[in-house]
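Numbering (our numbering), first residue to last: 3 to 531.
Here it is, written out as structure tokens:
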């Protein structure tokens with residue numbers, strides 16, 4: 003992997019090829035001046051990009067496991083992509099491309115919540131006086147009191163029937179049993195969105211899916227700099243040795259295809275470890291088959307973290323996030339349409355053209371279904387006569403309202419028919435189904451980072467005493483920041499690179515509204531509605 007001759011500069015090894023690793027490699031090149039050929043990214047899967055994926059074709063159907071909404075508060079992410087050229091217009095940055103797209107295609111949802119086939123008026127949050135007091139108390143008290151507590155330990159059952167909860171929960175994928183601490187962080191971070199949560203006007207979207215719009219240009223730029231991407235490389239262990247001041251990584255053990263290998267880590271080299279994966283164990287179904295529910299042994303991400311955690315308690319407690327799939331799973335689905343009927347009817351029903359709406363959530367759905375019609379085309383290779391939408395269900399173990407079986411046991415066709423019944427599109431159901439491909443995806447750990455946790459469950463980005471290694475990604479500890487965002491992964495990578503490389507550069511601060519008084523007043527007005 004690396005030459006045996008004396009090195010002029012250190013090498014950097016990334017374990018895992020998600021957005022945190024790609025961002026970290028970019029920071030090493032851009033800010034630390036490390037030659038791209040000195041950077042190796044080791045990824046178990048055949049494709050790089052981690053959870054920000056997007057693949058498929060019009061014949062077999064497209065697949066997106068999940069979508070990432072962007073926001074003006076993503077300061078590290080936007081700063082990174084200001085320096086990455088667009089694939090379609092290399093003279094412009096990816097950031098400029100995203101901003102121009104959102105200036106042209108503006109989000110203003112007119113059908114955020116649906117019940118009994120009718121659009122609900124969600125101009126009111128529908129809070130009770132007790133709900134408002136509970137929220138204000140949550141926002142004003144320190145975090146320490148909320149470790150180890152669930153959201154439904156704090157709020158009354160009625161809170162989970164409010165317009166606010168349906169919109170907030172489906173926008174961010176919160177469940178009542180998730181961490182109250184993470185919920186509190188989200189409330190602080192996105193307070194500026196309270197007045198427009200029912201329209202989602204504050205959401206930024208990418209021109210295509212996030213793989214094509216963000217990962218692919220970043221990956222293309224990294225490869226042009228000489229970064230080596232090793233796919234089918236499953237890291238199984240990392241050797242650490244004590245030093246006078248702490249410990250350092252000395253070897254990376256991995257399986258590359260059918261061969262076991264060891265990469266020696268030099269005294270001046272750096273190792274960046276993505277610990278855990280929210281899309282580990284993902285399983286795809288099809289029109290005639292449901293996906294399967296995998297466990298933590300289906301891939302290498304959790305196994306590696308558990309092995310490392312056994313070496314040092316400072317490396318976290320992965321079982322907090324791996325051992326409760328019933329509380330962290332949900333099921334998404336991607337529908338490829340080869341006929342315009344569905345999109346035509348949805349646009350007429352919602353009043354939004356594709357790309358200008360947002361999540362459409364069916365509050366009376368036993369699965370708590372939500373779908374979104376993105377601006378088309380949603381893939382770089384998507385023909386003009388093909389349309390793609392994405393959706394998910396937060397309660398896949400519940401029987402459907404029309405298909406009387408759990409979503410987790412349903413084929414893609416059954417999920418599509420359940421959706422069409424909620425929309426009352428039954429008269430066109432056969433035409434739509436016969437010309438569509440619905441691919442469901444079960445993700446057992448997709449919201450595992452939201453699970454109730456205690457201090458120490460996640461490792462510090464650079465653990466105390468670590469001289470040449472760091473943890474990056476969703477399962478690291480970044481005070482005050484919010485997980486389940488691209489920003490969290492990018493920020494963790496920037497922190498790791500700057501600290502391990504000794505860079506005296508400023509990392510963008512965690513977002514705080516520049517007009518706190520006015521935004522607090524606006525948020526308070528929304529809470530009172």
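We treat Cβ as the ideally placed atom computed from N, Cα and C, and that holds for glycine.
Here the structure is a predicted model, which is why all the values come from computation and not from measurement.
Simplified DSSP assignment, three categories, for residue i
{"i": "residue 372", "result": "strand"}
{"i": "residue 323", "result": "helix"}
{"i": "residue 411", "result": "helix"}
{"i": "residue 502", "result": "helix"}
{"i": "residue 303", "result": "helix"}
{"i": "residue 387", "result": "coil"}
{"i": "residue 453", "result": "coil"}
{"i": "residue 430", "result": "helix"}
{"i": "residue 38", "result": "helix"}
{"i": "residue 438", "result": "strand"}
{"i": "residue 364", "result": "strand"}
{"i": "residue 1", "result": "The structure shown does not extend to residue 1, since the chain is modelled only from 3 to 531, so the question has no answer here."}
{"i": "residue 172", "result": "helix"}
Other residues of its chain near residue i: CB distance less than 6 Å, five sequence neighbours each side excluded
{"i": "residue 409", "result": "333, 369, 395, 398"}
{"i": "residue 4", "result": "Unreliable positioning characterises residue 4 in this predicted model, as indicated by a pLDDT of 43, which lies under 50. The coordinate reading is nonetheless provided below. Around residue 4: 13."}
{"i": "residue 261", "result": "none"}
{"i": "residue 233", "result": "45, 48"}
{"i": "residue 482", "result": "512"}
{"i": "residue 447", "result": "280, 282, 330"}
{"i": "residue 96", "result": "83, 86, 88, 219"}
{"i": "residue 503", "result": "34"}
{"i": "residue 242", "result": "249, 251"}
Beta-carbon proximity list for residue i, same chain, < 8 Å, skipping 5 on both sides
{"i": "residue 154", "result": "162, 178, 179"}
{"i": "residue 230", "result": "3, 39, 41, 42, 43"}
{"i": "residue 113", "result": "121, 351, 352, 353, 354, 359, 362"}
{"i": "residue 426", "result": "119"}
For residue i: DSSP bridge partner residues
{"i": "residue 474", "result": "276"}
{"i": "residue 243", "result": "250"}
{"i": "residue 460", "result": "Its beta-bridge partners do not exist; DSSP assigns none."}
{"i": "residue 443", "result": "286, 334"}
{"i": "residue 232", "result": "44"}
{"i": "residue 16", "result": "43, 274"}
{"i": "residue 291", "result": "288"}
{"i": "residue 58", "result": "64"}
{"i": "residue 264", "result": "255"}
{"i": "residue 237", "result": "256"}
{"i": "residue 394", "result": "334, 372"}
{"i": "residue 33", "result": "DSSP, once it has assigned bridges, lists no residue as partnering residue 33."}
{"i": "residue 481", "result": "None; residue 481 has no bridge partner."}
{"i": "residue 226", "result": "Its beta-bridge partners do not exist; DSSP assigns none."}
{"i": "residue 401", "result": "408"}
{"i": "residue 468", "result": "249"}
{"i": "residue 72", "result": "206"}
Close Cβ partners of residue i (< 7 Å) along its chain, the five nearest in sequence each way excluded
{"i": "residue 150", "result": "454, 456"}
{"i": "residue 348", "result": "375"}
{"i": "residue 185", "result": "153, 176"}
{"i": "residue 459", "result": "318, 319, 322"}
{"i": "residue 1", "result": "The structure shown does not extend to residue 1, since the chain is modelled only from 3 to 531, so the question has no answer here."}
{"i": "residue 11", "result": "36, 37, 40"}
{"i": "residue 213", "result": "51, 54, 55, 56"}
{"i": "residue 168", "result": "115, 363, 365"}
Between the CA atoms of residue j and residue i - distance to the nearest angstrom
{"i": "residue 187", "j": "residue 500", "result": "25 Å"}
{"i": "residue 140", "j": "residue 65", "result": "38 Å"}
{"i": "residue 215", "j": "residue 246", "result": "45 Å"}
{"i": "residue 227", "j": "residue 88", "result": "15 Å"}
{"i": "residue 28", "j": "residue 21", "result": "10 Å"}
{"i": "residue 8", "j": "residue 57", "result": "Unreliable placement is indicated for residue 8, whose pLDDT of 45 sits below 50; the coordinate value is still reported in the next sentence. One C-alpha to the other measures close to 41 Å."}
{"i": "residue 337", "j": "residue 124", "result": "27 Å"}
{"i": "residue 474", "j": "residue 306", "result": "14 Å"}
{"i": "residue 462", "j": "residue 390", "result": "39 Å"}
{"i": "residue 357", "j": "residue 37", "result": "40 Å"}
{"i": "residue 181", "j": "residue 387", "result": "43 Å"}
{"i": "residue 1", "j": "residue 190", "result": "The question about residue 1 has no answer here: the residues shown for the chain are numbered 3 through 531."}
{"i": "residue 224", "j": "residue 294", "result": "35 Å"}
{"i": "residue 249", "j": "residue 315", "result": "13 Å"}
{"i": "residue 197", "j": "residue 486", "result": "22 Å"}
{"i": "residue 61", "j": "residue 383", "result": "12 Å"}
{"i": "residue 258", "j": "residue 371", "result": "40 Å"}
{"i": "residue 326", "j": "residue 264", "result": "33 Å"}
{"i": "residue 477", "j": "residue 312", "result": "16 Å"}
{"i": "residue 439", "j": "residue 413", "result": "11 Å"}
Residue-level contact to chain B via CB, residue i, 9 Å cutoff
{"i": "residue 211", "result": "Here chain B cannot be found, since the structure has a single protein chain."}
Please specify which runs of the alpha helix (DSSP H), each continuous and at least 4 residues long, are wholly inside the segment 81 to 157, giving them in chain order. 96 to 106, 131 to 142
Which full runs of the alpha helix (DSSP H) of 4+ residues lie inside the segment 329 to 362, going along the chain? 343 to 352
Fully enclosed by the segment 179 to 214, which beta strand (DSSP E) runs are 3 residues long or longer? Taken in chain order, the whole beta strand (DSSP E) runs of length 3 or more contained in the segment 179 to 214 number zero.
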